[in-house]
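The sequence shown runs 1 to 381 under UniProt numbering.
Every residue, glycine too, gets a C-beta built ideally from N, C-alpha and C.
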Amino acid sequence: MQIQTPAIAGEQILVPAIPENTGISYLAEGGANIVYRISVPDPSPPPSVIEEYGDDTPPPTEINDVEEKIASVAALNVFDNKLLRARKDLPTTVSCAVSHANWLRLIVCLFEPAQLVQQCLVQLRPAKVTEHLNQKLLSWEHSSMKGSLSSPDIRPAKRHGVYLADDLYGLLITDMSPGHGDEVIQFKPKWLLQSPSAPAGAKRCRTCAKVARTAAKLARENPGATKKGFCPLDLVSENSRDISWVISQLGGNPSKALRLQRWLESNTLLKRLRDAQCNLDRKGTFETDPGDESFRLAMTLRDCSLYVRLPVDGKDDDKIEARIGDLDLKSPDKGDYWKTVERQLIDEGWYMGTEKKEDLQPLTCSLSPDRWSVIGKRPTI
1 MQIQTPAIAG EQILVPAIPE NTGISYLAEG GANIVYRISV PDPSPPPSVI EEYGDDTPPP
61 TEINDVEEKI ASVAALNVFD NKLLRARKDL PTTVSCAVSH ANWLRLIVCL FEPAQLVQQC
121 LVQLRPAKVT EHLNQKLLSW EHSSMKGSLS SPDIRPAKRH GVYLADDLYG LLITDMSPGH
181 GDEVIQFKPK WLLQSPSAPA GAKRCRTCAK VARTAAKLAR ENPGATKKGF CPLDLVSENS
241 RDISWVISQL GGNPSKALRL QRWLESNTLL KRLRDAQCNL DRKGTFETDP GDESFRLAMT
301 LRDCSLYVRL PVDGKDDDKI EARIGDLDLK SPDKGDYWKT VERQLIDEGW YMGTEKKEDL
361 QPLTCSLSPD RWSVIGKRPT I
């Protein structure tokens with residue numbers, strides 16, 4: 001089923017609708033969206049109906065609705081290898097139509113199609129998808145088995161109490177989840193170059209400074225607890241030692257690590273992401289209006305996710321698939337938060353490695369001249 005919608009990004013488009021009786025199951029969620037697996041029913045008539053007719057007398061649907069059936073099957077192809085992403089009902093989220101229009105206008109031109117988690121709008125209301133999914137979320141929370149190992153609720157407890165928005169649309173996105181023996185590595189590349197607002201001579205990049213501050217807070221609240229992180233500058237380094245180190249921090253078995261290292265050394269996606277971050281924000285948080293669209297886009301690219309699919313056949317690295325996603329344009333309402341974080345990192349000494357003695361964290365950032373004496377010998381892969 002396809003429905004013509006008002007102009008989105010200046011064009012009249014046809015948007016598919018989730019068919020009734022589609023199987024939908026919870027997969028994962030972030031702060032703003034929930035992602036579901038979908039299984040679209042076969043449009044063909046059941047065999048019991050077809051068997052009532054002989055070769056010389058096709059079923060009425062085959063006589064009268066051949067063109068409609070062909071169109072229906074073709075329309076269902078849009079759901080192949082796709083997941084459903086639905087937005088949460090939060091003041092910080094915008095409608096999927098607006099989000100998708102921004103993606104088409106601002107993101108698509110920056111990357112090759114194969115480098116992006118592709119997306120398209122999908123109608124939710126005809127099959128009452130949001131209503132059914134919210135009922136499922138509520139039933140999990142009120143289950144008598146809540147908290148037990150037998151509970152049907154696979155949603156993290158910290159996500160409870162927030163449900164899906166009554167949006168006309170959701171998004172069909174490229175399925176980058178593991179399957180058929182493939183492995184998928186997922187992480188946020190974060191800031192791939194130093195913050196323009198960082199002090200000169202900083203010994204930590206923006207991401208390492210923020211991780212160090214978070215780790216110190218965690219250690220104060222839970223003595224002995226540690227927070228593992230990596231320096232994103234290593235992801236785009238030309239030095240194989242840096243790349244080996246960052247891969248060791250991402251985890252995984254040696255075979256997977258070797259393949260990921262070869263990919264990082266040869267692929268241009270992350271360097272392209274770094275260059276876009278740089279070009280879109282050269283002044284930094286304090287000197288830029290948070291409403292500036294280029295700045296908001298830069299902050300979006302600093303918080304996207306990278307999905308790297310490693311095929312089960314480990315002999316052909318050319319088949320490695322890597323895409324970036326989670327590219328909803330950041331809201332200008334986050335401007336005060338961004339400035340607050342930057343001010344804390346500067347004033348509390350996290351950039352310079354001069355934090356309070358009781359909060360001291362190891363200097364393992366790529367910018368630290370002493371990093372290798374802290375890290376120790378080069379990791380073996």
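Check residue i in the structure and name its three-state DSSP category.
i	result
Gly335	helix
Gln123	strand
Ala114	helix
Thr92	coil
Glu68	Interpretation of Glu68 is limited by its pLDDT of 47, a score under 50 that renders its predicted location unreliable; no figure is taken from the coordinates.
Ile346	helix
Ser197	coil
Lys82	strand
Gln186	strand
Val49	A caution first: Val49 carries a pLDDT of 42, below 50, which makes its placement in the model too unreliable to give a value.
Arg155	coil
Leu329	coil
Leu27	strand
Ala7	Low local confidence applies: a pLDDT of 47 at Ala7 is under 50, so the model's placement there is unreliable, and no value is given.
Asn33	strand
Ile18	coil
Ala298	helix
Arg371	helix
Thr172	According to the sequence shown, residue 172 is Leu rather than Thr. In the structure shown, Leu172 sits in a strand (DSSP, three-state: E or B).
Val308	strand
Ser39	strand
Leu360	coil
Arg323	strand
Arg87	strand
Leu164	strand
Val205	In the sequence as displayed, the identity of residue 205 is Cys instead of Val. Residue state, collapsed to three classes: coil.
Leu106	helix
Leu138	helix
Tell me, to the nearest whole angstrom, how far the beta carbon of residue i is from that of residue j; I am working on the premise that it is less than 8 Å.
i	j	result
Leu83	Tyr36	7 Å
Cys205	Thr364	With a Cβ gap of about 11 Å, Cys205 and Thr364 do not count as contacting.
Val298	Asp281	Going by the sequence as given, residue 298 is Ala instead of Val. Their Cβ separation, rounded to whole angstroms, is 4 Å, which keeps Ala298 and Asp281 in contact under 8 Å.
Val236	Leu306	In fact, because the Cβ distance is near 12 Å, the residues do not count as touching under 8 Å.
Ser368	Lys188	Contact doesn't hold; Cβ gap of about 21 Å is too wide.
Gly284	Ser195	6 Å
Tyr351	Ala209	5 Å
Val211	Gly224	With 8 Å as the limit, Val211 and Gly224 do not qualify as a contact, their Cβ atoms being about 18 Å apart.
Val162	Pro16	The pair is not a contact, with the Cβ atoms about 27 Å apart (cut-off 8 Å).
Glu166	Thr130	It should be pointed out that residue 166 corresponds to Asp in this sequence rather than to Glu. Between Thr130 and Asp166 the Cβ distance is about 6 Å, and since that is below 8 Å, they are a contact.
Trp140	Arg155	6 Å
Leu250	Ile185	7 Å
Ala127	Glu20	5 Å
Ser373	Phe286	The pair is not a contact, with the Cβ atoms about 33 Å apart (cut-off 8 Å).
Answer yes or no: do residue i and residue j have a C-beta to C-beta separation smaller than 8 Å?
i	j	result
Ile38	Leu124	no
Ile34	Gln119	no
Leu133	Leu106	no
Glu321	Arg309	yes
Ala157	Leu90	no
Leu171	Arg296	no
Val117	Ile247	no
Asp318	Thr300	no
Val312	His180	yes
Arg302	Lys190	yes
Lys334	Pro362	no
Thr22	Ser331	no
Glu358	Gly349	no
Asn267	Asp175	no
Ser366	Asp182	no
Decide if the segment 113–121 is in contact with the segment 340–349; the criterion is three or more beta carbon pairs, one per stretch, under 8 Å apart.
no
4 or more residues per run - each alpha helix (DSSP H) lying fully within the segment 210–284:
240–250, 254–266, 269–280
Does the segment 213–222 touch the segment 237–247, meaning 3 or more C-beta pairs lie closer than 8 Å?
no
Is the segment 95–102 touching the segment 256–263 in the sense that three or more CB pairs, one from each, lie closer than 8 Å?
no
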